[in-house]
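For reference, the structure discussed in these notes is given below.
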Amino acid sequence: MIIAIDGYSSCGKSTLAKDLAHTLQYTYLDSGAMYRAVTLYFLDNNISFNDSEAINKALNLIEIRFEEHSNRTLLNDIDVESEIRSPRVSDQVSPVSTISAVRKKMVEQQRAMAIQGSIVMDGRDIGTVVFPNAELKIFLTANINIRTNRRLDEMQRKGYEISKTEIMKNLETRDRIDSSRADSPLSQAEDAVLLDNSNLTRKEQITMVLALAKYRQSNLEKA
Ligand code: DC
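Under my numbering, the residues of the sequence shown are numbered 4 to 226, in order.
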């Protein structure tokens, strides 16, 4: 079974996906981490986002994996989990994600990772492009103020000095670029369940989605 979770930035997609994967014993795959790792590589190697030749060359030199138990992101065998969450990467990841060559490569790898068995994957195009036949698709949304406060908490815990205004601007800009790009824009799949978690606790959210996942799973087993 494949569970696809899509939605806007900082809606708590990865929290939900991790909770589901943990409870159901599925593999969790964070597709956003892959776009973030590519962005980090481009920034560190001065790859211009307009230089398609350099981009194609770089894509052949990039290997992204997730460490088995911790799920930490490895870029060419180096742990980049913290760096890919930095404001420097967050500010550039949406423009990088508009590049079709990047998307093609990431989607190929995401599909290959799913061959392993049951997975939960979160991102922006999982239910629409990567796994259009996923058995359960959730489209998450939440109020922008709540999303900003959640991200602010997370960044402050990590020791970044960043204002609420800067965070809100980053989320709004990313949502706009992610939803309006030509290749695989963020959109709710027709058969996705829309869930606004603004007023849900983490426990309430997982309880609701778990019930749905178990119901779908039992129908699959009967079929
Ligand atoms: O989930 P995240 O915030 O870590 O994702 C970072 C960026 O990566 C997001 O702003 C857009 C891009 N992304 C994408 O284009 N497609 C995906 N499936 C996942 C992320």
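For glycine and all other residues, C-beta sits at the position ideal for the given N, C-alpha and C. Please read all numbers here as calculations on a predicted model, not as lab measurements.
Where residue i falls: helix, strand or coil (DSSP)
i                : result
lysine 140       : strand
aspartate 186    : coil
glycine 130      : helix
alanine 117      : helix
phenylalanine 52 : coil
valine 313       : Limits of the chain in this structure are 4 at one end and 226 at the other, which puts residue 313 out of reach.
arginine 75      : coil
methionine 171   : helix
aspartate 22     : helix
threonine 101    : coil
isoleucine 209   : helix
The ligand DC heavy atom lying under 6 Å from the CB of residue i
i             : result
valine 83     : no
serine 190    : no
tyrosine 11   : no
valine 96     : yes
tyrosine 44   : no
arginine 114  : no
aspartate 194 : no
tyrosine 163  : no
Sub-7 Å separation of residue i and residue j beta-carbons
i             : j             : result
aspartate 125 : alanine 20    : yes
glycine 10    : leucine 143   : yes
methionine 4  : glutamine 220 : yes
leucine 174   : serine 73     : no
Would you check if there are 3 or more beta carbon pairs closer than 8 Å linking the region 112 to 122 to the region 198 to 205?
No, the region 112 to 122 is not in contact with the region 198 to 205.
Answer yes if the region 22 to 33 comes into contact with the region 47 to 55, meaning at least three C-beta pairs across the two stretches below 8 Å, and no otherwise.
no
Evaluate contact between the region 59 to 74 and the region 142 to 156, counting only Cβ atoms and requiring at least three cross-stretch pairs below 8 Å.
Fewer than three Cβ pairs drawn from the region 59 to 74 and the region 142 to 156 lie within less than 8 Å of each other, which leaves the two stretches out of contact.
Between the region 89 to 105 and the region 64 to 72, can you find at least three pairs of beta-carbon atoms closer than 8 Å?
Because the criterion of three Cβ pairs below 8 Å is not met, the region 64 to 72 and the region 89 to 105 do not touch.
Could you tell me whether the region 181 to 193 touches the region 129 to 143, where touching means 3 or more Cβ pairs closer than 8 Å?
yes
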